[in-house]
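Engineer:
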Ligand code: DC
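In my numbering, the protein residues as written are 50 to 279.
#1: Count the other CB atoms within 10 Å of the CB of residue 267; is the residue buried (16 or more) or exposed (fewer)?
#2: Measuring only from the beta carbon, is residue 84 closer than 8 Å to any heavy atom that is part of ligand 1?
#3: Look up residue 226 in the DSSP assignment and say whether it is helix, strand or coil.
#4: For residue 147, report the span of its alpha helix (DSSP H) as first-last.
#5: According to DSSP, is residue 215 part of a helix, a strand, or is it coil?
#6: Within 8 Å: the Cβ of residue 282 and any heavy atom of ligand 1?
#7: So, do the stretch 65-85 and the stretch 173-189 have three or more beta carbon pairs nearer to each other than 8 Å?
#8: Comparing the CB of residue 65 with every heavy atom of ligand 1, is any distance shorter than 8 Å?
#9: Where residue 212 and residue 205 are concerned, what is the direct C-alpha to C-alpha distance, given to the nearest angstrom?
#10: Do residue 257 and residue 62 have their beta-carbon atoms positioned less than 9 Å apart in this structure?
#11: Any heavy atom of ligand 1 closer than 8 Å to the Cβ of residue 233?
#12: Measuring only between beta-carbons, confirm whether residue 108 sits less than 9 Å from chain D.
#13: Taking the CB atoms as reference points, tell me whether residue 136 and residue 98 lie closer together than 9 Å.
#14: When the Cα of residue 153 is compared with those of 240, 126, 276, which residue comes out closest?
#15: Is it the case that the CB of residue 299 approaches a heavy atom of ligand 1 more closely than 8 Å?
Following this line, the structure appears as structure tokens:
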């Protein structure tokens, strides 16, 4: 216990972790930490440098050459800086999702990014989302949530997000990307995606955003004994 409260939200890509975690953080006055963005920044760096993302030696040699910073702007949004450049938009490109998944399978990358994540939890009340927050990064978190939804429901939500941004997308391709990442994130040797034993499972397949938000807020109030500030 370090005087700060931690909430860990883990689950597969597209289950709604980041939008729900962001909303709950806002409502309870916690800091939202998106750990996937950190892996994406490493994935982007490897992509730009033309490094084979599955080659442990090459990626390990790259890590100390990178300056990766997490910053929050005036609106409280998390921004990722790679060697001083704001790469928050670039890391969201679909090809970078695959790069992030590839580099995140390497233990050297996971070890390198661990301290950055733990430091945030030591210094703030956090809602942190990722794949191994409840199991590895913050095993002492006061509340752990494992958020899931069927692959089809997640692909449908992703299609809507892309359509809202005016990005044309093919359902089969979006579903395939999700399944590729599920498979790789769940079966890798290093910190595979799995629920912590003491995590509360939440399946949002048949819940809309408001329903999911209400459920998470209820868990936070009950488990942490805190009240929403918004
Ligand atoms: O949540 P996301 O889709 O932005 O994450 C990008 C990739 O990073 C994802 O394929 C899995 C990986 N990741 C991880 O291994 N551990 C985390 N704590 C967060 C993300």
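The C-beta atom is built at its ideal place from N, Cα and C for all residues, glycine as well.
Values in this document were obtained by computation on a predicted structure and should not be read as measured data.
Structural biologist: The answer reads as follows:
#1: exposed
#2: In this structure, residue 84 has its beta carbon less than 8 Å from a heavy atom of ligand 1.
#3: The three-state secondary structure of residue 226, taken from DSSP, is helix.
#4: 143-153
#5: Coil at residue 215, not helix or strand.
#6: Because the chain in this structure spans residues 50 to 279, residue 282 falls outside the shown range and cannot be described.
#7: The stretch 65-85 makes contact with the stretch 173-189, as at least three CB pairs between them are under 8 Å.
#8: No, Cβ of residue 65 sits at least 8 Å from all heavy atoms of ligand 1.
#9: 11 Å
#10: no
#11: Yes, the beta carbon of residue 233 sits closer than 8 Å to at least one heavy atom of ligand 1.
#12: Among the chains of the structure shown, chain D does not appear; only one protein chain is present.
#13: no
#14: The shortest Cα separation from residue 153 among 240, 126, 276 belongs to 240.
#15: One cannot answer for residue 299 here, as it falls past the ends of the chain, which runs 50 to 279.
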